[in-house]
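In our numbering, the protein residues as written are 15 to 334. Ideal placement from N, C-alpha and C gives every residue a C-beta, glycine not left out. Source: prediction; values computed, not measured. First up is the structure itself, then whatever we jot down about it.
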Ligand SMILES: [Ca+2]
Ligand SMILES: [Ca+2]
Ligand SMILES: [Ca+2]
Ligand SMILES: [Ca+2]
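This is the structure in C-alpha cells:
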C-alpha cells in the first residue's frame with residue numbers, strides 16, 4: 015500500500031506518563047467552530063462541510079499573474095500537552111493535489127512544531143508524502159496510492175523516538191532532534207494551490223496522549239464512556255477477527271491478541287457496561303467461522319446503531 019524510499023531503524027518504547035485528554039476534530043463543523051484558529055485565509059478559498067468531512071477546494075486567484083493559488087492555514091496551541099511523553103497526532107485525508115506542488119509546501123501540509131528547533135513537517139499530495147524535520151536531516155518521501163483516503167499518524171515519545179505511520183504501517187522512525195512538546199508547541203494544517211488547483215477532504219484530525227493498550231479509554235479522560243464507544247465502534251468496524259487493529263486501535267484490543275472483535279467488545283462492555291452487551295451476547299453463538307463472526311459484528315453494530323442511534327456530538331463530547 016505504501017512504499018518508503020528511506021527508513022531509519024527504530025526501537026519501540028513503552029512509557030508511563032501523566033495522561034491528557036485527546037482532541038478530536040471530526041469534520042462535522044467548520045474549523046473555526048471546531049476549535050481551530052485561522053492563520054491564512056487567502057483569496058476566498060473554498061471551504062465547506064459535507065457528510066462529516068471538511069472540504070478544501072483551492073483554485074487560482076483572479077487577477078494574479080503569474081498565477082497565485084488560494085490558501086487556508088489553521089493552527090492550534092499544544093501547550094496543554096507540555097511534558098507529555100507519548101503523544102500522537104492522526105489525520106485521515108484525501109487529496110487530488112499534484113506532487114509537483116510539494117516544493118511549494120502544497121497541496122496539503124500538517125505540522126507539529128515547537129518554538130525551538132523541533133518540528134515534524136508533513137507535506138502530502140495525491141501520491142507522494144514528505145516528512146521534513148530539518149533540512150540537515152534526511153528528508154523522507156513515501157509513495158502512496160492515489161485517489162483514496164490515507165490515515166497518517168505521528169507518534170512522539172519525548173526526545174527518545176518518533177514514528178511515522180501511513181495506514182497503520184511504519185514508514186519512518188528514528189530519534190528526534192528533541193522533545194517537540196516543549197516551548198510553545200502547536201499544530202498547523204494547510205490546504206494550498208500554487209501552480210495546480212486541488213481538492214482536499216479531511217475526515218478527521220485527532221491528537222493527544224496515546225491511550226494505553228487494552229484500556230478501552232481512547233481519549234485518556236474520565237475512564238471508559240460514551241465518547242470511547244464512538245471510537246471503539248470505528249475500530250471494530252475497521253478490524254475484526256484476526257485483523258490487525260493498527261496503532262490507532264490498540265487501546266480497543268481488550269484481550270491483547272492484536273485485533274478488535276467480539277471478544278474485545280465483550281471486554282469493553284465489561285468496563286463500560288453499555289451497548290456492547292448486544293454484540294457480545296450474539297458473539298457467543300457457537301460454530302461460526304471468523305468471517306461469519308466478522309459479518310455478525312458488522313451486522314449487530316448496525317442494529318445497535320439503529321436501535322440507539324450513533325452518539326450525538328454532545329454525548330461524544332468533542333473537544334472544541
Ligand atoms: Ca469525519
Ligand atoms: Ca475515556
Ligand atoms: Ca480476537
Ligand atoms: Ca482483540
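Query: Beta bridge counterpart(s) of residue 214 as assigned by DSSP; Result: 70, 109
Query: Anticipated Cβ contact below 8 Å, residue 211 with residue 83, distance rounded; Result: 7 Å
Query: Own chain, CB closer than 6 Å to residue 62, minus 5 neighbours either side, in chain order; Result: 69
Query: Own chain partners of residue 237 with C-beta closer than 7 Å, once the 5 adjacent residues on each side are dropped; Result: 231
Query: Beta-carbon contacts of residue 267 that lie in its chain and below 7 Å, excluding the five residues immediately before and after; Result: 227, 228, 259, 273, 274, 278
Query: Euclidean distance between Cα positions of residue 110 and residue 149; Result: 26 Å
Query: Neighbouring residues (CB closer than 7 Å to any heavy atom of ligand 2); Result: 231, 232, 233, 234, 235, 236, 237, 238, 239, 241, 242
Query: C-beta atoms of residue 114 and residue 209 nearer than 8 Å; Result: yes
Query: CA-to-CA distance, residue 202 to residue 124, given in whole angstroms; Result: 6 Å
Query: Through-space distance from residue 247 to residue 200, alpha-carbon basis; Result: 29 Å
Query: Range of the contiguous alpha helix (DSSP H) that encloses residue 277; Result: 276-286
Query: Whole runs of the beta strand (DSSP E) within the segment 137-189, excluding any shorter than 3 residues; Result: 142-146, 154-158, 164-171, 175-180, 183-188
Query: Where the beta strand (DSSP E) containing residue 127 begins and where it ends; Result: 122-127
Query: Same chain only: Cβ atoms within 6 Å of residue 71, ignoring 5 sequence neighbours per side; Result: 60, 213
Query: Whole-angstrom distance between residue 73 and residue 57, CA atom to CA atom; Result: 9 Å
Query: Residue 42 - DSSP class collapsed to helix/strand/coil; Result: coil
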